[in-house]
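In what follows, a single structure is set out as structure tokens and then discussed.
Protein chains: 2
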Amino acid sequence: MVDETTYQLPRYRELYEQLRRHIEEGIYGPGDLLPSENELCAVNQVTRPTVRRALDLLANEGYIKKHQGLGSVVQNPPKGIGILSFSGTTSAIGKDNLKTDAIVKPYVMPWPDQFIFDLTDTERESGCIYFERIRYVNEIPVFYDLSYLPNINLPRFTSRNLNNASLFDILREHYRIEIKGGMQYIEAIPATENCQKHLGVDPEKPILKLQRKMETNRLDFFVYSILYCNTEEHSLYGEF
Amino acid sequence: MVDETTYQLPRYRELYEQLRRHIEEGIYGPGDLLPSENELCAVNQVTRPTVRRALDLLANEGYIKKHQGLGSVVQNPPKGIGILSFSGTTSAIGKDNLKTDAIVKPYVMPWPDQFIFDLTDTERESGCIYFERIRYVNEIPVFYDLSYLPNINLPRFTSRNLNNASLFDILREHYRIEIKGGMQYIEAIPATENCQKHLGVDPEKPILKLQRKMETNRLDFFVYSILYCNTEEHSLYGEF
DNA sequence: CATTACGACTTGTCATTACAACAAATTTTA
DNA sequence: TAAAATTTGTTGTAATGACAAGTCGTAATG
């Protein structure tokens with residue numbers, strides 16, 4: 001069986017990707033007005049609802065602000081790491097500055113006791129694939145990431161190389177699993193022993209802890225992760 | 241001039257509020273399917289685009305999950321405080337459990353040096369209205385909130401009573417200012433002196449710091465706030 | 001009995017049209 | 001000259017119609 005990664009993206013998604021690229025490449029700079037919705041319709045041969053869906057995506061991620069009667073204004077790129085939006089950590093920082101190190105390779109184990117999220121019987125019975133990664137921003141360890149996947153229909157996953165590869169990309173390309181969204185709990189905690197070791201911080205150093213449950217296009221297939229962030233140099237940002 | 245607070249909510253917003261009430265009142269319980277989009281169209285005398293906008297709002301706030309081919313499934317209410325979504329802190333917890341204490345009453349002062357957000361010349365020149373509040377959840381102080389409003393066109397604001405009143409409600413009812421969205425930076429820090437005093441925590445206790453810039457329906461009018469959260473008992477949650 | 005195929009129903013995408021609400025520039029008016 | 005009204009262009013809301021894609025139960029099939 002071939003990978004067959006030629007998904008047909010919806011048109012509003014294509015337009016979104018195109019506009020996002022244009023903004024990131026500086027073709028539209030901060031403060032600029034995007035072409036009006038009607039212009040975008042004419043240029044791209046689509047109708048306004050399609051254009052508006054694309055613009056809504058851009059607005060939700062903070063690339064633009066829409067103003068009735070005025071237009072869509074391109075925003076300044078934010079200073080922090082946009083890990084709170086649906087796109088993965090990788091795209092939030094830019095691949096150049098991000099290195100990933102799989103310090104614990106994926107292996108199958110039972111789910112932890114007192115797992116914060118509720119598990120279905122199917123998930124509980126099949127156990128989980130577990131691995132740990134550290135993510136470096138500009139050579140400095142910022143994220144310490146524990147991942148939990150249900151051990152269902154993921155052939156050869158435990159032998160894959162996760163270094164410098166986005167987990168989301170692997171799931172999409174090899175297993176046709178797309179992350180659609182999710183929810184997360186956020187709290188501030190003192191650095192645990194592992195945090196001290198892997199993030200190189202002192203005990204009692206405040207650490208941001210994110211516990212996430214992500215949905216996929218497979219019904220009843222969720223990806224879980226616990227993220228410890230050292231926010232001293234890089235704060236996180238999000239839209240709301 | 242009279243207050244004239246009779247806004248005409250758009251129909252998708254009305255439908256959203258209605259469905260949200262139904263979910264919160266338990267008319268639709270976790271795991272239940274909402275009526276199909278076509279049914280909602282027929283019952284409420286609107287068309288599918290309108291219904292879908294309402295459902296999208298519910299989905300973005302985690303009340304439902306939509307599944308193609310299946311329907312809209314009502315979700316379990318999350319355990320944390322949903323402060324990361326666009327609805328204000330008040331509605332995120334439920335007014336019964338939330339008490340607000342204005343420990344520093346609003347007064348006019350110049351903007352702080354090194355304010356984290358960029359200010360326009362107009363904002364900078366007119367100074368800011370500043371006040372501090374503590375928010376209690378179940379009688380325990382959880383939020384320590386510093387607010388900054390530009391001192392533009394807000395008559396009598398400094399003499400208003402902010403105790404047990406939502407800032408957003410006051411802005412909407414008396415000044416016709418609606419919060420439309422915003423962005424925030426999140427980091428974990430050791431408890432500052434004021435945090436220790438007002439949140440009743442030890443030094444070096446990890447505290448969640450949120451710095452927020454909120455947009456309104458007034459072009460170029462923003463509301464700023466710095467929120468310190470003790471997440472030991474109540475972690476924050478959000479959708480993404 | 002197990003498997004497959006089909007149909008009914010659901011949400012997802014997209015084109016089309018119309019009008020309302022708002023911002024900014026222009027023109028008119030005082 | 002300055003203020004008010006108008007015009008133009010923009011995004012916001014909404015109705016309508018059509019088809020694609022996914023889920024699930026049921027009937028046909030082997």
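Chains as they are written, first to last, in my numbering: chain G, 1 to 240; chain S, 241 to 480.
The beta carbon of each residue, even a glycine, is placed where N, CA and C say it ideally should be.
Proximity to residue i [Cα-Cα], best of the options
i: Gln258 of chain S; options: S:Leu273, S:Pro270, S:Leu280 and S:Gly367; result: S:Leu280
i: Glu182 of chain G; options: G:Arg124, G:Met214 and G:Leu199; result: Note on residue identity: the sequence assigns Gly, not Glu, to residue 182 of chain G. Nearest option by C-alpha distance: G:Met214.
i: Gly440 of chain S; options: S:Glu264, S:His414, S:Asn470 and S:Ile466; result: S:Asn470
i: Leu467 of chain S; options: S:Ile304, S:Gln315 and S:Phe371; result: S:Phe371
i: Glu264 of chain S; options: S:Phe408, S:Gln285 and S:Pro318; result: S:Pro318
i: Pro395 of chain S; options: S:Asp442, S:Gln315, S:Tyr347 and S:Val314; result: S:Tyr347
i: Leu210 of chain G; options: S:Gly266, S:Leu476, S:Gln436 and S:Leu411; result: S:Leu476
i: Pro250 of chain S; options: S:Gly266, S:Phe461 and S:Arg293; result: S:Arg293
i: Met349 of chain S; options: S:Glu379, S:Glu365, S:Asp409 and S:Arg452; result: S:Glu365
i: Cys195 of chain G; options: G:Val142, G:Glu14 and G:Leu33; result: G:Val142
i: Trp351 of chain S; options: S:Leu386, S:Ile380 and S:Arg373; result: S:Leu386
i: Gly127 of chain G; options: G:Phe222, G:Arg172 and G:Ile81; result: G:Phe222
DSSP-derived helix/strand/coil call for residue i
i: Leu243 of chain G; result: Given a span of 1 to 240 for chain G in the structure shown, any question on residue 243 of chain G remains unanswerable.
i: Met241 of chain S; result: Because Met241 of chain S sits at a pLDDT of 33, beneath the cut-off of 50, its placement in the model cannot be relied upon, and the following sentence gives the value as read from the coordinates. The answer is coil: DSSP assigns Met241 of chain S none of H, G, I, E or B.
i: Val348 of chain S; result: strand
i: Lys197 of chain G; result: helix
i: Tyr415 of chain S; result: helix
i: Ala282 of chain S; result: helix
i: Ala165 of chain G; result: coil
i: Ser85 of chain G; result: coil
i: Asp56 of chain G; result: helix
i: Ile27 of chain G; result: coil
i: Phe461 of chain S; result: coil
i: Phe157 of chain G; result: helix
i: Glu473 of chain S; result: coil
i: Glu37 of chain G; result: helix
i: Ile410 of chain S; result: helix
i: Thr246 of chain S; result: Its pLDDT being 48, under 50, Thr246 of chain S is placed unreliably in this model, and the coordinates cannot settle the point.
i: Thr287 of chain S; result: coil
Presumed contact (8 Å Cβ cut-off) between residue i and residue j, rounded CB distance
i: Arg375 of chain S; j: Ile417 of chain S; result: With a Cβ gap of about 21 Å, Arg375 of chain S and Ile417 of chain S do not count as contacting.
i: Asn391 of chain S; j: Ile426 of chain S; result: Their Cβ separation, rounded to whole angstroms, is 28 Å, which puts Asn391 of chain S and Ile426 of chain S out of contact at 8 Å.
i: Tyr148 of chain G; j: Ser225 of chain G; result: 7 Å
i: Ala188 of chain G; j: Pro446 of chain S; result: 4 Å
i: Ala405 of chain S; j: Thr340 of chain S; result: 7 Å
i: Val74 of chain G; j: Ile64 of chain G; result: 6 Å
i: His244 of chain G; j: Val104 of chain G; result: This structure cannot settle anything about residue 244 of chain G, because the visible part of chain G is limited to 1 through 240.
i: Arg400 of chain S; j: Gln424 of chain S; result: Not quite, the Cβ-Cβ distance comes to about 25 Å (not below 8 Å), so this is no contact.
Span of the beta strand (DSSP E) around residue i
i: Ile426 of chain S; result: Ile419 to Pro430
i: Phe383 of chain S; result: Ile380 to Pro390
i: Leu70 of chain G; result: Taken as a continuous stretch (DSSP letters only), Leu70 of chain G belongs to no beta strand (DSSP E), as it is neither H nor E.
i: Glu239 of chain G; result: Leu236 to Glu239
C-beta atoms of residue i and residue j nearer than 8 Å
i: Tyr12 of chain G; j: Thr47 of chain G; result: no
i: His22 of chain G; j: Tyr28 of chain G; result: yes
i: Ala102 of chain G; j: Asn163 of chain G; result: yes
i: Leu295 of chain S; j: Ser312 of chain S; result: yes
i: Tyr384 of chain S; j: His438 of chain S; result: yes
i: Glu239 of chain G; j: Gly62 of chain G; result: yes
i: Thr456 of chain S; j: Lys420 of chain S; result: yes
i: Asn316 of chain S; j: Pro270 of chain S; result: yes
Alpha helix (DSSP H) segment containing residue i, residue limits
i: Tyr16 of chain G; result: Arg11 to Glu24
i: Arg364 of chain S; result: Asp361 to Ser366
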